[in-house]
Amino acid sequence: MQKLTDRSIVVSDKNMTFLEKIYIPAITKGMFITLKHFFRKKATISYPEQKREFSEIYRGQHVLKRDDLGRERCTACGLCAVACPAEAITMIAAERKPGEENLYREEKYAEVYEINMLRCIFCGDCEEACPKEAIFLTDRIVASEYKRNPFVYGKDILVEPLDPAKRIDVSKRQTEAVRKFKEIKRFAHNK
Amino acid sequence: MPLLKVTIDNIEVEVEAGTTIMNAARKIGGSVVPPAMCYYSKLEGSGGKCRTCLVKVAKGSSKDTRPMPKLVASCRTLVQDGMVVENRTSPEVMENRRAITEFLLLNHPLDCPVCDQAGECHLQDLSYEHGLEETRTEEDRRTFEPVDIGELIKLHMNRCILCYRCVMVADQITDKRVHGVLGRGDHSEISTQIAKAVDNDFSGNMIDVCPVGALTDKTFRFKSRVWFTKPFDAHRGCTKCGGKTVLWMKGDEVLRVTGRKDKYGELEEFICNSCRFEHKETADWVIEGARNIERHSVISQNHYEKLDLPENAVEGK
């Protein structure tokens, strides 16, 4: 038969020897390799009992911070949503009513605030855009789910608990230089 | 009548006698035009209050070539033949504009995240361009509680820069004015006497002429930020006004109706309250098409629009 190309190789089809035919040496060799892995250091850890060490500025699940008096800092200005490259954030604003001053810091607040965790790429642009220091990314991992719907996180998950002991610490995300900057009165716009 | 020759920032333009420097600059257009916070070409007697449009007159006229001793308000100064004006080319003018911006911001709160005007606010643009990043004053700003003036308009006196535009609108396009400026100097404030309501048919135009967020639409209050809404030109047969408006839509929902503004932020036509506040259904309007938004504007964010391509541009893949 005429060759189609000059790069074709003739495959040898020689008969196996007796040792090769009984397969036992090949199987023991393979089993030995498998057995060796039992005594090696494991690559996995048993999360959530064990946790890996994270970088201080790891960007995980978001938190909507409250201020020292327990009022929500978010004023629904929409800058996080406009900064979001994945368009994961939506919000509906509402006006604070008299008597709700202990709940919301400003005249306007986010009645609905949703982040679609499936869309979010954890870039941290929302955190950077926020003029009120309301949204931060934390070192918490977004939990896995069986369905898609629960990944749209609302305020019930995002806003940190009122209880001071359960507050989420983001002080590591704010460097000393930033905190110093805020103490200078002439930079304090948010009076 | 012979035309007068004026040179503004080395660009020569011929205008009729009686034209102000501002309007001569607007005839040239572009960056030569001084910013204006109080001047409004449709309102007689406006201008001369905010001082943001101050320019340098390097040569008074061809007859009297001396420069003018101080910076002049371009919205109030008439041109003369052979006048040479410096706006962007004069460091003195730019330095002065920075100082004026700081003055306007003395009492203006930094509540842009809350304010409905943010994104289309002239003071925001001005301070972005000319302002300082920091506040140099230590004193507290003067504060007022927000007031409802009528059912439809909210007055945030904190944000007012006393440009008098709304007062002139009430004087010139409505038959009876019920609000004005009370007090003098630092104590001046826009107010209605004894909390009287503003309920004229054309009172809503006060919202559109306000360069800051002092007068805002109560029916749009905190509904959405302007950059999440998309503007469409629309019209309807209205018996009171021309009925030519802009609908600010989110999906199929009409969130806000305003008049059509030109590139200087001035209304082309005043619209009535019925168009502005009562017709918020898409079925009420004949939509003419999406309104062109300047690319640098925050309102153009997240709107994927066709780029301005030259006529013979090659279609990309």
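For the record, the sequence lines run as chains A and B. Residues 4 to 194 in my numbering are what the first sequence lists, from first letter to last. Residues 113 to 429 in my numbering are what the second sequence lists, from first letter to last. Where is the CB? At the ideal position from N, CA and C, for every residue including glycine.
Check	Outcome
Close-in-space but distant-in-sequence residues of the same chain around residue 197 (chain B) (CB under 6 Å, 5 per side omitted)	120, 133, 167, 169
Chain-order list of residues whose beta-carbon lies under 8 Å from that of residue 124 (chain B) (same chain, five-residue window excluded)	117, 118
Helix, strand or coil at residue 217 (chain B) according to DSSP, with G and I counted as helix	coil
Alpha carbon of residue 169 (chain A) to alpha carbon of residue 178 (chain A), nearest angstrom	22 Å
Members of the segment 327-351 of chain B that neighbour chain A once the beta carbon cut-off is set at 7 Å	333, 334, 337, 339, 340
Residue-chain proximity (residue 226 (chain B), chain A), Cβ-Cβ < 8 Å	yes
Beta-carbon contacts of residue 70 (chain A) that lie in its chain and below 7 Å, excluding the five residues immediately before and after	76, 108
Inter-stretch contact at 8 Å, needing at least 3 Cβ pairs: the segment 349-366 of chain B / the segment 137-147 of chain B	no
Helix, strand or coil at residue 242 (chain B) [DSSP, three-state]	helix
Closer than 7 Å at the beta carbon, the chain A residues around residue 430 (chain B)	Residue 430 (chain B) falls outside the range modelled here, since chain B spans only 113 to 429, and no answer is possible.
Within-8 Å CB hit, residue 80 (chain A) to chain B	yes
Straight-line gap, residue 98 (chain A) to residue 117 (chain A) (C-alpha atoms, nearest Å)	18 Å
Local conformation of residue 345 (chain B) per DSSP, three classes	strand
Residues in the segment 85-109 of chain A having any Cβ partner in chain B nearer than 8 Å	85, 90, 96, 97, 98, 109
Candidates B:325, B:386, B:375, of which the one nearest residue 275 (chain B) by Cα	B:325
Alpha-carbon to alpha-carbon, residue 206 (chain B) and residue 194 (chain A)	Interpretation of residue 194 (chain A) is limited by its pLDDT of 45, a score under 50 that renders its predicted location unreliable; the figure taken from the coordinates is listed afterwards. One C-alpha to the other measures close to 29 Å.
Interface residues of chain B facing residue 183 (chain A) [CB-CB closer than 8 Å]	Under the 8 Å cutoff, chain B gives no residues; its nearest Cβ is about 15 Å from residue 183 (chain A).
Contacts around residue 145 (chain A), its chain only, beta-carbon distance under 6 Å, and the 5 residues preceding and following it disregarded	64, 120
Rounded distance between the beta-carbons of residue 62 (chain A) and residue 161 (chain A), thought under 8 Å	Not a contact, Cβ separation roughly 15 Å.
Cα-Cα separation, residue 32 (chain A) to residue 12 (chain A)	30 Å
Continuous alpha helix (DSSP H) stretch holding residue 279 (chain B): start and end	277-285
Listed by chain order, chain B residues near residue 158 (chain A) by CB distance under 7 Å	Here the premise fails: no neighbours, minimum Cβ distance about 16 Å.
Any chain B beta carbon closer than 8 Å to residue 28 (chain A)	no
At least 3 beta-carbon pairs within less than 8 Å: the segment 366-385 of chain B vs the segment 342-355 of chain B	yes
Among B:403, B:388, B:131, nearest to residue 265 (chain B) - alpha-carbon criterion	B:388
CB contact check: residue 199 (chain A) to chain B, cutoff 8 Å	Summary: the structure shown does not reach residue 199 (chain A), with chain A confined to residues 4 through 194, and so no result is reported for it.
Closer than 8 Å to chain B by CB, residue 6 (chain A)	no
Residue-level contact to chain B via CB, residue 135 (chain A), 8 Å cutoff	yes
Beta-carbon proximity list for residue 48 (chain A), same chain, < 8 Å, skipping 5 on both sides	54, 55
Between the CA atoms of residue 378 (chain B) and residue 261 (chain B) - distance to the nearest angstrom	23 Å
Residue burial classification, residue 429 (chain B) (beta-carbon count within 10 angstroms, cutoff 16)	Because the pLDDT of residue 429 (chain B) is 44, which lies under 50, any placement of that residue in the model is unreliable, and the question is left without a value.
Span separating the alpha-carbon of residue 180 (chain A) from that of residue 74 (chain A)	25 Å
Three-state secondary structure (DSSP) of residue 19 (chain A)	coil
Status (buried if at least 16 other CB within 10 Å, exposed otherwise) for residue 91 (chain A)	buried
Residue 362 (chain B) - DSSP class collapsed to helix/strand/coil	strand
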